[in-house]
Structure formats: C-alpha cells, structure tokens
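A.B. asks: To convert, note that position 253 of the sequence shown is 651 in the numbering used here; the numbers rise steadily by one, no gaps. Where is the CB? At the ideal position from N, CA and C, for every residue including glycine. The structure is given below, and queries will be raised subsequently.
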Amino acid sequence: MATQQTRSLARFMMAPSVVLLLVWMVVPLALTLWFSFQQYNPLNPIRDGFVGFSNYALFYSNPAFLQSILNTLTLVISVLLITVIGGILLALLIDQPMWGQGIVRILVISPFFVMPPVAALVWKNMIMHPQYGVFADIARFFGAQPIDWFGQHPMTAIIIIVAWQWLPFATLILLTALQSLDGEQKEAAEMDGAGFISRFIYLTLPHMSRAITVVILIQTIFLLSVYAEILVTTNGGPGYASTNLPFLVYQKALLEFKIGQASAGGIIAVILANIVAFFAMRAVGKNLDK
C-alpha cells in the first residue's frame with residue numbers, strides 16, 4: 399500500500415508533465431476564445447477590434463452551418479455502426495484457429511497505420527475513381543454504369559474511407575476482449591447445449607460490452623475532428639454536401655481569412671465534442687461499474 403510519502407513523491411514527479419499538458423491545452427483554447435470575440439483578418443489588420451458575439455452570430459447564420467452539423471453527426475454515427483458491428487464480426491472470425499492466423503491479424507489491422515491523406519488518395523484515385531477505379535471496373539464487368547462516388551454520393555464515400563481506417567482499431571480492441579473470455583465458461587455453455595448464437599448473445603456479447611463502450615468513446619472523439627479525408631477527396635463539395643464542422647472552420651480560417659468566425663466555429667466544435675464526450679463517458683462509466 400502506498401504511503402503518504404510515496405504519494406507525494408509521485409505527485410511531485412508527475413507535476414511537470416501535468417503542467418505542460420495544461421499549458422499545451424489551455425493556451426490555444428484561451429487564444430481561440432479571445433479571437434472569437436475579435437474581428438481579425440490577417441489581410442486587412444486595420445479593421446481589427448472587439449465585436450462581441452458577432453462572429454458567433456455570423457458563423458451560425460452561415461448556410462453551411464446546420465448542414466455541417468448534420469454531416470458531422472452522420473459521419474460519426476455511421477462510422478461507429480460500421481466499425482463496431484464489423485469489428486465484432488472480424489474479431490469472431492480471426493479468433494478462430496486457422497492457418498497463418500498471425501499474418502491474417504496483421505493484414506486486418508494494417509489499414510490503421512496508413513496516414514489519412516494517403517488512404518484518402520488511394521481510395522480516390524485507385525478504388526473509387528469513376529473511370530479507372532476498382533469499383534468502376536467491377537461495375538463494368540457486371541454491365542452496370544460506374545458510380546461517381548465523390549460527385550453523386552460524397553458523404554457515403556467519406557464514411558467508407560473513414561470506416562476502413564478505423565475498423566482495424568475496433569477489431570483489435572474487441573479481439574483482445576474476446577480472448578480474455580474464460581474458456582471454462584465457453585465449455586460450460588457448450589455442455590449445457592447452448593448453440594453459437596445463444597453463446598454469443600448471452601455470454602460473448604455481455605463480456606465484450608466494456609470494450610465496445612471504450613471503442614465508441616475513443617472513436618467518437620477522433621471522428622468529430624475528421625478533416626484530411628474530406629480535404630483530399632471532395633473538398634467539402636459538391637456544395638456543402640460533405641462539409642463537416644472541422645472543415646467549415648478550415649474554410650473560414652485558411653480560405654476566407656476570417657479568423658474571428660473560424661475561432662467561433664472552433665469554440666462551437668469544442669462545446670459539441672464535450673457534450674458528446676460527456677454522454678459517452680457516462681455510458682462507459684456505467685459499463686465499467688458493472
């Protein structure tokens with residue numbers, strides 16, 4: 399058991415890292431909050447000054463704002479559904495004894511190590527290209543018309559790319575949880591005559607519930623900030639069809655040079671992320687307390 403002296407020593411040793419982390423987080427957030435109340439344009443600094451909540455009102459009145467919120471939530475929910483369900487199925491599959499099991503597991507998790515811009519470029523130019531892509535060749539093979547994914551179904555294309563990147567992460571976490579299931583419980587269930595579906599519903603799935611909630615929490619935090627895939631593939635278009643909140647902030651800051659409105663959008667994104675994280679943490683906490 400740790401004594402008061404060892405606890406104090408641990409706090410003292412951790413203090414520099416904690417202070418550095420707080421500075422790393424608080425200073426950019428404070429500057430963003432300050433700029434959100436300023437009219438700052440680096441191309442026209444003469445008009446700088448305090449404007450109150452005008453930037454928030456302008457950002458909210460932007461025609462793309464509500465669409466970006468809807469796209470952000472659609473992306474998060476869709477990718478979570480695909481990765482959680484697909485992760486469970488893949489974890490069950492690669493947990494089975496097979497030849498070359500280690501190689502199969504490496505191949506399954508390998509997409510997670512591909513950088514988002516690289517993955518987006520590969521999908522855009524080699525897989526989803528309407529003329530030269532793999533999907534186009536498959537469609538022509540079956541006598542169908544190739545689909546212009548990024549022109550006709552931009553959000554669907556973004557969801558597929560992002561889900562492909564995050565599916566290995568979910569699979570790895572869920573596979574670890576699956577392998578921690580006591581083998582004696584499986585044998586007992588089999589001896590009682592429980593089939594595969596019954597064992598999955600009443601034994602495997604409840605055992606994986608904690609891992610599922612952790613996957614949902616971690617992925618939600620990162621999915622709320624998806625940006626590179628949209629920039630590389632659709633650039634937010636056509637129109638605002640694939641513009642999410644982070645990309646709208648990017649447009650305001652680096653394309654229109656409206657730093658004040660972009661900062662206001664950043665604060666709104668932080669608030670949205672904290673609301674989502676709050677409910678996700680509550681769900682995780684309830685599962686971990688069971």
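Just mark residue 599 as buried or exposed, buried being the case when its beta carbon has 16 or more other beta carbons within 10 Å.
C.D. replies: The residue given as residue 599 occupies position 201 in the sequence shown. By the 10 Å Cβ count, residue 599 comes out exposed.
A.B. asks: Would you report the Cα separation of residue 573 and residue 596, rounded to the nearest angstrom?
C.D. replies: Counting from one through the sequence shown, the residue named residue 573 turns up at place 175. Counting from one through the sequence shown, the residue named residue 596 turns up at place 198. Using only the alpha carbons, I get a separation of about 19 Å.
A.B. asks: Does the pairing of the region 530-537 with the region 448-461 give three or more beta-carbon distances under 8 Å?
C.D. replies: Too few Cβ pairs lie closer than 8 Å, so no.
A.B. asks: Could you tell me which whole alpha helix (DSSP H) segments of length 4 or greater appear in the region 474-555?
C.D. replies: Segments of the alpha helix (DSSP H) lying fully in the region 474-555: 499-507, 514-520, 532-539, 547-550.
A.B. asks: Is it true that the region 475-488 meets the region 663-679, where meeting means three or more beta-carbon pairs spaced less than 8 Å apart?
C.D. replies: The region 475-488 vs the region 663-679: no contact.
A.B. asks: What is the DSSP secondary structure of residue 436, reduced to helix, strand or coil?
C.D. replies: By one-based count along the sequence shown, residue 436 stands at place 38. Here residue 436 sits in strand by DSSP.
A.B. asks: Compare the C-alpha of residue 508 against each of 464, 432, 468, 565 and name the closest.
C.D. replies: Position 110 of the sequence shown, counting from 1, holds the residue named residue 508. With distances taken between Cα atoms, residue 508 lies closest to 565.
A.B. asks: When you compare the CB positions of residue 460 and residue 553, do they come within less than 9 Å of one another, or not?
C.D. replies: In the sequence shown, the residue the question calls residue 460 occupies position 62. In the sequence shown, the residue the question calls residue 553 occupies position 155. Cβ atoms of residue 460 and residue 553: not closer than 9 Å.
A.B. asks: According to DSSP, which residues form a beta bridge with residue 448?
C.D. replies: Numbered from its first residue, the sequence shown carries residue 448 at position 50. 436, per the DSSP bridge assignment.
A.B. asks: May I have the straight-line CA-CA distance separating residue 544 from residue 433, to the nearest angstrom?
C.D. replies: Along the sequence shown, read from residue 1 onward, the residue named residue 544 stands at position 146. Along the sequence shown, read from residue 1 onward, the residue named residue 433 stands at position 35. Residue 544 and residue 433: Cα-Cα distance of roughly 46 Å.
A.B. asks: Roughly how many whole angstroms lie between the Cα atoms of residue 523 and residue 530?
C.D. replies: Sequence index remark: in the sequence shown, residue 523 carries index 125 (1-based). Sequence index remark: in the sequence shown, residue 530 carries index 132 (1-based). Approximately 8 Å, taken between the alpha carbons.
A.B. asks: Should residue 644 go down as buried or exposed, given a rule of 16 or more other Cβ atoms within 10 Å for buried?
C.D. replies: Within the sequence shown, residue 644 is the residue found at index 246, counting from 1. Residue 644 is buried by the Cβ-count criterion.
A.B. asks: Relative to the alpha-carbon of residue 560, which residue among 541, 515, 465 has its alpha-carbon at the smallest distance?
C.D. replies: Locating residue 560 in the sequence shown gives position 162, where the first residue counts as 1. Per the Cα distances, 515.
A.B. asks: Helix or strand or just coil, what does DSSP make of residue 656?
C.D. replies: Stepping through the sequence shown from its first residue, residue 656 is reached at position 258. DSSP places residue 656 in coil when its eight states are reduced to three.
A.B. asks: Are residue 606 and residue 575 close, meaning C-beta to C-beta below 9 Å?
C.D. replies: One-based indexing of the sequence shown puts residue 606 at position 208. One-based indexing of the sequence shown puts residue 575 at position 177. Yes, they are a contact pair.
A.B. asks: Have a look at residue 661 and residue 680 and give me their C-alpha separation to the nearest angstrom.
C.D. replies: The residue you call residue 661 lines up with position 263 of the sequence shown. The residue you call residue 680 lines up with position 282 of the sequence shown. So the alpha carbons of these two residues sit roughly 29 Å apart.
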